[in-house]
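Enquirer: Before I ask anything, let me first share the structure, which is written out below as structure tokens.
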Amino acid sequence: MSRDRALLERALDRGEEDGGNVEFKERLSRDVHLEGGRRESLAAQLRHRLLSGDGEATYVVGVTDDGGLAGIDPDTFSETMDVLSLLAEEADAHIEDVQTWGINEGLVGVAQVREGGVLETDDEHVVVGTAGHVDHGKSTLVGSLVTGKPDDGDGATRAFLDVQPHEVERGLSADLSYAVYGFDDDDGPVRVRNPNRKADRAEVVQEADRLVSFVDTVGHEPWLRTTIRGLVGQKLDYGLLVVAADDGPTRTTREHLGVLLATDLPTIVAITKTDTVDEERIEEVEREVERLLREVDKSPLRISRHGTDAAVEEISERVVPIVETSAITMDGLETLDELFDRLPKTAQDAGEFRMYVDRSYSVTGVGAVASGTVMAGEVEAGDELLIGPMTDGRFQEVEVRSIEMHYHRVDKAQAGRIVGIALKGIKESAIERGMVLLPRDADPDPIREFEAEVMVLNHPTRIGEGYEPVVHLETIGEAAAFYPEDGRLLPGDTGETTVRFKFRPYLVEEGQKFVFREGRSKGVGTVTDVHPLD
Numbered sequence: 020m021s022r023d024r025a026l027l028e029r030a031l032d033r034g035e036e037d038g039g040n041v042e043f044k045e046r047l048s049r050d051v052h053l054e055g056g057r058r059e060s061l062a063a064q065l066r067h068r069l070l071s072g073d074g075e076a077t078y079v080v081g082v083t084d085d086g087g088l089a090g091i092d093p094d095t096f097s098e099t100m101d102v103l104s105l106l107a108e109e110a111d112a113h114i115e116d117v118q119t120w121g122i123n124e125g126l127v128g129v130a131q132v133r134e135g136g137v138l139e140t141d142d143e144h145v146v147v148g149t150a151g152h153v154d155h156g157k158s159t160l161v162g163s164l165v166t167g168k169p170d171d172g173d174g175a176t177r178a179f180l181d182v183q184p185h186e187v188e189r190g191l192s193a194d195l196s197y198a199v200y201g202f203d204d205d206d207g208p209v210r211v212r213n214p215n216r217k218a219d220r221a222e223v224v225q226e227a228d229r230l231v232s233f234v235d236t237v238g239h240e241p242w243l244r245t246t247i248r249g250l251v252g253q254k255l256d257y258g259l260l261v262v263a264a265d266d267g268p269t270r271t272t273r274e275h276l277g278v279l280l281a282t283d284l285p286t287i288v289a290i291t292k293t294d295t296v297d298e299e300r301i302e303e304v305e306r307e308v309e310r311l312l313r314e315v316d317k318s319p320l321r322i323s324r325h326g327t328d329a330a331v332e333e334i335s336e337r338v339v340p341i342v343e344t345s346a347i348t349m350d351g352l353e354t355l356d357e358l359f360d361r362l363p364k365t366a367q368d369a370g371e372f373r374m375y376v377d378r379s380y381s382v383t384g385v386g387a388v389a390s391g392t393v394m395a396g397e398v399e400a401g402d403e404l405l406i407g408p409m410t411d412g413r414f415q416e417v418e419v420r421s422i423e424m425h426y427h428r429v430d431k432a433q434a435g436r437i438v439g440i441a442l443k444g445i446k447e448s449a450i451e452r453g454m455v456l457l458p459r460d461a462d463p464d465p466i467r468e469f470e471a472e473v474m475v476l477n478h479p480t481r482i483g484e485g486y487e488p489v490v491h492l493e494t495i496g497e498a499a500a501f502y503p504e505d506g507r508l509l510p511g512d513t514g515e516t517t518v519r520f521k522f523r524p525y526l527v528e529e530g531q532k533f534v535f536r537e538g539r540s541k542g543v544g545t546v547t548d549v550h551p552l553d
């Protein structure tokens with residue numbers, strides 16, 4: 020029997036004992052169970068269950084009063100969870116987890132309800148994007164940071180970030196991964212005991228006064244497109260570029276540094292794997308990194324020489340601190356802790372709510388979920404939004420069912436938060452990466468074409484009319500045709516060009532920055548004007 024099925028069987032076996040914390044419900048509906056005195060009565064019942072269970076209650080949904088497995092259709096199950104969430108809020112509690120099973124062509128679910136309201140998310144939240152060559156230790160370093168545990172030399176801590184089985188098996192990340200830890204104002208770092216348990220990561224979000232989220236990108240060259248999406252499509256405060264002491268800067272290092280700096284992101288360089296080489300080699304790699312930074316008009320700042328205070332005060336688009344680290348000996352990780360605890364948030368929160376969709380998925384009993392980083396404003400459960408544009412340029416009306424941040428249900432999310440938003444009114448199959456969520460009263464103008472100022476960083480010949488790279492703007496990654504104003508652009512040139520998406524419209528606004536790439540050719544740009552659809 021699976022662990023999840025065993026959970027259901029235990030709940031059924033325990034039944035609704037007198038004074039117990041298990042409650043059976045076939046269904047809950049807004050029209051019946053939230054009207055008149057029913058709401059207060061059911062909230063009081065929930066408080067009793069919580070008291071009986073020392074702050075925890077189990078609601079088994081889709082079963083008869085005697086525990087028989089009935090099963091309810093997915094829409095009814097979703098409404099039941101909505102009603103239970105409202106009852107929990109009234110009882111100063113929240114739904115922490117939901118497990119579901121298919122029964123009789125319907126659903127049966129077990130909802131774990133815990134005392135304490137949904138999390139307020141007003142605490143400071145810094146988002147860091149990692150970059151660097153494959154096998155240089157990005158994921159391992161982040162895994163050791165968030166757990167406080169040393170690596171075993173075989174990448175044990177990196178497994179906490181890789182979400183796909185084939186990634187763990189091959190030892191290579193193939194998509195963006197996420198991790199979180201935080202800091203308590205009085206007690207210092209708040210780490211994750213077991214990152215493979217959703218509840219442990221949620222506990223960090225609940226307990227920390229300051230959160231640090233990592234967007235861990237991909238170091239393997241074939242997935243550079245995914246790395247660019249992670250660095251351009253998230254609302255990052257800082258970049259963390261890793262360079263292994265036993266290898267030194269590579270071509271991929273240079274490409275990732277170019278993307279970080281093209282987005283004007285303040286960046287830290289971590290020299291990793293210092294336990295594998297001697298001091299002379301560490302010094303040699305640091306000098307290589309310093310030369311690389313100076314080539315792009317940046318000023319390196321060695322923390323070992325100038326101290327953490329100087330790094331906190333001086334880090335900027337121009338000044339790049341360098342720190343020596345080892346995930347095995349844990350050398351340098353206290354320095355990174357101090358930096359991430361003290362560095363100010365740099366991403367600005369301006370304007371109304373806006374979130375570009377990075378991923379979408381479907382959760383049984385909940386429905387479509389769009390995930391991404393809130394770029395501006397804030398969003399709350401119950402908000403009415405627009406999502407789009409669709410392929411024909413339309414925006415569709417949706418409602419926010421619930422919001423989750425690192426597996427913790429939250430009442431609202433502000434700019435900079437990496438969240439999953441459960442949406443009512445749309446199927447997951449209709450949601451695509453690059454779409455945007457906006458307030459319902461917004462009046463967005465989708466576009467297929469825009470004007471931009473671009474700089475060609477690398478190209479074997481010249482860029483002429485009809486050149487078709489992939490444009491990475493926010494979470495958009497789409498082929499587009501370039502039509503330079505002067506007819507051509509050479510490597511190192513800056514110029515004006517018209518850019519036209521090849522397949523579909525998107526929401527693009529003046530001032531947004533983007534990266535374009537085709538093979539090893541790449542460049543950066545800024546949107547200067549847009550051409551709304553007719």
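Residue numbers for the sequence shown follow our numbering, beginning at 20 and rising by one. Glycine included, each C-beta is placed from N, C-alpha and C at the ideal position.
(1) Looking only at DSSP bridge pairs, what is residue 542 linked to?
(2) With contact counted as at least three CB pairs below 8 Å, one residue from each stretch, are the region 447 to 458 and the region 381 to 398 in contact?
(3) On a CA-only basis, which of 90, 110, 47 is nearest residue 65? Give me that one, please.
(4) In or out: residue 172 buried (at least 16 other Cβ within 10 Å) or exposed?
(5) With a threshold of 16 other CB atoms inside 10 Å of the CB of residue 99, please say whether the residue is buried or exposed.
(6) To test your reading of the DSSP string, which unbroken beta strand (DSSP E) runs of 3 or more residues are found completely within the region 303 to 334?
(7) Could you say which of 92, 105, 72 lies nearest to residue 60 if we only look at CA atoms?
(8) Taking one C-beta from the region 401 to 413 and one from the region 339 to 357 each time, how about it: are there three or more such pairs within less than 8 Å?
(9) Could you tell me the boundaries of the beta strand (DSSP E) in which residue 409 lies?
(10) Please state the DSSP three-state secondary structure of residue 296.
(11) Pop quiz: residue 513 and residue 503 are said to be a contact at Cβ under 8 Å. What is the actual Cβ separation, rounded to whole angstroms?
(12) Are the beta-carbon atoms belonging to residue 362 and residue 257 less than 8 Å from one another?
(13) List the DSSP bridge partners of residue 113.
(14) Which residues in the same chain have their Cβ closer than 8 Å to the Cβ of residue 42, if we skip the five residues on either side of it in sequence?
(15) Do residue 228 and residue 204 have their beta-carbon atoms positioned less than 8 Å apart in this structure?
(16) Give a yes or no on contact between the region 414 to 433 and the region 487 to 506, applying the rule of three or more CB pairs nearer than 8 Å.
(17) Using CA atoms only, rank isn't needed, just tell me which of 305, 337, 506 is closest to residue 322.
(18) From the DSSP output, in three-state form, read off residue 454 for me.
(19) Quick one: using the 10 Å Cβ neighbour count with 16 as the cut-off for buried, is residue 543 buried or exposed?
(20) On the DSSP letters alone, give me the boundaries of the beta strand (DSSP E) that residue 155 sits inside.
(21) Please name the residue, chosen from 230, 507, 501, that lies closest to residue 485 on a Cα-to-Cα basis.
(22) Let's test the definition: count the other Cβ atoms within 10 Å of the Cβ of residue 213 and tell me whether it reaches 16, buried, or not, exposed.
(23) Buried or exposed for residue 509, please, with buried defined as at least 16 other CB atoms from any protein chain shown within 10 angstroms of its CB.
(24) DSSP three-state call for residue 338: helix, strand or coil?
(25) May I ask you to list the residues that DSSP assigns as paired with residue 503?
(26) Of all Cβ atoms in chain B, is any one closer than 8 Å to the Cβ of residue 538?
(27) Could you tell me which of 340, 376, 373, 377 sits nearest to residue 359, measuring between CA atoms?
(28) Can you tell me whether DSSP reads residue 359 as helix, strand or coil?
(29) Span of the beta strand (DSSP E) holding residue 82?
(30) Let's test the definition: count the other Cβ atoms within 10 Å of the Cβ of residue 476 and tell me whether it reaches 16, buried, or not, exposed.
(31) If the criterion is Cβ atoms closer than 8 Å, does the pair residue 151 and residue 311 meet it?
(32) Among 165, 233, 197, 225, whose alpha-carbon lies nearest the alpha-carbon of residue 210?
(33) Classify residue 421 as buried or exposed, calling it buried when 16 or more other Cβ atoms lie within 10 Å of its own Cβ.
(34) Below 7 Å, is the gap between the Cβ of residue 56 and the nearest heavy atom of the ligand FMN?
(35) Please report how far the alpha carbon of residue 249 lies from the alpha carbon of residue 498, in whole angstroms.
(36) For the pair the region 316 to 335 and the region 112 to 127, tell me if three or more CB-CB distances fall below 8 Å.
Expert: Checking against the coordinates, here is how it stands:
(1) In the sequence shown, residue 542 corresponds to position 523, counting from 1. 475, 535.
(2) Note that the region 447 to 458 touches the region 381 to 398; at least 3 beta-carbon pairs, one per stretch, sit closer than 8 Å.
(3) Here residue 65 refers to the residue found at position 46 when the sequence shown is read from its first residue. Shortest Cα-Cα distance from residue 65 to any of 90, 110, 47 involves 110.
(4) Mapped onto the sequence shown, residue 172 falls at position 153. By the Cβ neighbour-count rule, residue 172 is exposed, with fewer than 16 other Cβ atoms within 10 Å of its own.
(5) To locate residue 99, count along the sequence shown from 1; it is residue 80. Burial call: buried.
(6) Runs found: 318 to 321.
(7) For the purposes of this step, residue 60 is identified with residue 41 of the sequence shown, where counting begins at 1. When 92, 105, 72 are compared, the shortest CA-CA separation from residue 60 is found for 105.
(8) Verdict: no, contact absent.
(9) Numbered from its first residue, the sequence shown carries residue 409 at position 390. For residue 409, there is no enclosing beta strand (DSSP E), since its DSSP letter is neither H nor E.
(10) Position 277 of the sequence shown, counted from the start, is the residue given in the question as residue 296. In the three-state reduction of the DSSP assignment, residue 296 falls in the coil class.
(11) The residue given as residue 513 occupies position 494 in the sequence shown. The residue given as residue 503 occupies position 484 in the sequence shown. Incorrect: roughly 11 Å between the Cβ atoms, too far for contact.
(12) Numbered from 1 along the sequence shown, position 343 holds the residue referred to as residue 362. Numbered from 1 along the sequence shown, position 238 holds the residue referred to as residue 257. A contact, by the Cβ cut-off of 8 Å.
(13) Locating residue 113 in the sequence shown gives position 94, counting from the first residue. Residue 113 pairs with 133.
(14) In the sequence shown, counting from the first residue as 1, residue 42 sits at position 23. The answer, listed in chain order, is 35, 64, 65, 68, 76, 77, 78, 79.
(15) Here the question's residue 204 lines up with position 185 in the sequence shown. Here the question's residue 228 lines up with position 209 in the sequence shown. Contact check for residue 204 against residue 228 passes: the beta carbons are separated by less than 8 Å.
(16) Cβ pair count under 8 Å is below three, so no.
(17) Counting from one through the sequence shown, the residue named residue 322 turns up at place 303. Checking every option, the nearest Cα to that of residue 322 belongs to 305.
(18) In the sequence shown, counting from the first residue as 1, residue 454 sits at position 435. Note: residue 454 maps to coil in three-state DSSP.
(19) If you number the sequence shown from 1, residue 543 lands on position 524. Buried is the call here.
(20) Taking the sequence shown and counting its residues from 1, one reaches residue 155 at position 136. Neither: residue 155 is in no beta strand (DSSP E) and is coded neither H nor E.
(21) For the purposes of this step, residue 485 is identified with residue 466 of the sequence shown, where counting begins at 1. Nearest of 230, 507, 501 to residue 485, Cα basis: 501.
(22) Translated into positions along the sequence shown, residue 213 becomes position 194. That one is exposed.
(23) Walking along the sequence shown from the start, residue 509 turns up at place 490. Exposed is the call here.
(24) Within the sequence shown, the letter at position 319 stands for residue 338. Of the three classes helix, strand and coil, the one that applies to residue 338 here is strand, per DSSP.
(25) Locating residue 503 in the sequence shown gives position 484, counting from the first residue. Paired residues: 516.
(26) The structure shown contains no chain B, having only a single protein chain.
(27) The sequence position of residue 359 within the sequence shown is 340, counting from 1. Residue 359 has its Cα closest to that of 340, out of 340, 376, 373, 377.
(28) Reading the sequence shown from its first residue, position 340 is the one you call residue 359. Reduced to three states, the DSSP call for residue 359 is helix.
(29) Here residue 82 refers to the residue found at position 63 of the sequence shown. Looking at the DSSP string, residue 82 is not in any beta strand (DSSP E), and its letter there is neither H nor E.
(30) Position 457 of the sequence shown, counted from the first residue, corresponds to residue 476. Residue 476 counts as buried, since at least 16 other C-beta atoms from the protein chains shown sit within 10 angstroms of its C-beta.
(31) Stepping through the sequence shown from its first residue, residue 151 is reached at position 132. Stepping through the sequence shown from its first residue, residue 311 is reached at position 292. A distance of 8 Å or more separates the beta carbons of residue 151 and residue 311.
(32) The residue labelled residue 210 in the question sits at position 191 within the sequence shown. Of the listed residues, the one whose Cα sits closest to residue 210 is 165.
(33) For the purposes of this step, residue 421 is identified with residue 402 of the sequence shown, where counting begins at 1. Here residue 421 is buried: its Cβ has 16 or more other Cβ atoms, across all protein chains shown, within 10 Å.
(34) For the structure depicted, the ligand FMN is absent and the ligand set is empty, with no information on it obtainable.
(35) What you label residue 249 is simply residue 230 of the sequence shown in a count that begins at 1. What you label residue 498 is simply residue 479 of the sequence shown in a count that begins at 1. In this predicted model, residue 249 has a pLDDT of only 48, less than 50, meaning its place in the structure is not dependable enough to derive any value.
(36) They do not touch, by the three-pair rule.
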